[in-house]
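Undergrad:
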Amino acid sequence: MALETPGCPAANALPPLASRFLKVADLPWKPTQVEGIDMKILMQDKESGLLTALFRWQPGTELPLHEHVEVEQTYVLEGSIVDAEGEVCAGDYVWRPRGNQHVARSPNGALVLSFFLKPNLFIDAYAGQTLE
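Residues 0 to 131 in numbering that gives the first Met the number 0 are what the sequence shown lists, from first letter to last.
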């Protein structure tokens, strides 16, 4: 595994078995290819796809149809995320099994912490791409 925190050279320079303490407020927000969704990557292994990230959704943002290639877990810190199966609000958690497909929306904006074993794969818009 090649674990890293992009945008945090001090954490990446530590010995392999050292703990990484991050000042999340100091990490840069990175725009994704979906307008209205930015991310802060907390931990990533590009080889395996493992990813932990904060996602900031602007009000009215829609994440196009995508498939969860492996289990995805999301804890909503602020706002809410909605899809055809339901809504997950601030303080709540949702996990989706491998193979789940959906379109996600955030009518009023959201801040979420998400964990991926492998990145989601877009189906229609951005077909074949992952959220990055």
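Beta carbons: idealized from backbone N, C-alpha and C, even for Gly.
(1) In terms of residues, what are the limits of the alpha helix (DSSP H) holding Ala-152?
(2) Identify, in the order they occur along the chain, each residue of the same chain with its Cβ nearer than 6 Å to the Cβ of Lys-117, setting aside the five sequence neighbours on each side.
(3) From Leu-76, Met-42, Leu-2, pick the residue whose C-alpha is nearest to that of Leu-26; which is it?
(4) Report all residues from its chain with a CB closer than 7 Å to the CB of Asn-11; omit the five preceding and five following residues, and keep chain order.
(5) Run through the segment 3-74 for me and flag every whole beta strand (DSSP E) of 3 or more residues, listed as ranges in chain order.
(6) Do the segment 55-67 and the segment 87-102 meet, that is, are 3 or more Cβ pairs less than 8 Å apart?
(7) For my contact list, Leu-112 and Leu-76 are in at a C-beta cut-off of 8 Å; report their separation, rounded to the angstrom.
(8) Do Gln-32 and Leu-130 have their CB atoms nearer than 9 Å?
TA: Concretely, from the data shown:
(1) Absent from the structure is residue 152, since the part of the chain shown begins at 0 and ends at 131.
(2) Gly-48, Val-68, Glu-69
(3) Met-42
(4) Glu-3, Thr-4
(5) 36-44, 50-56, 60-66
(6) yes
(7) 6 Å
(8) yes
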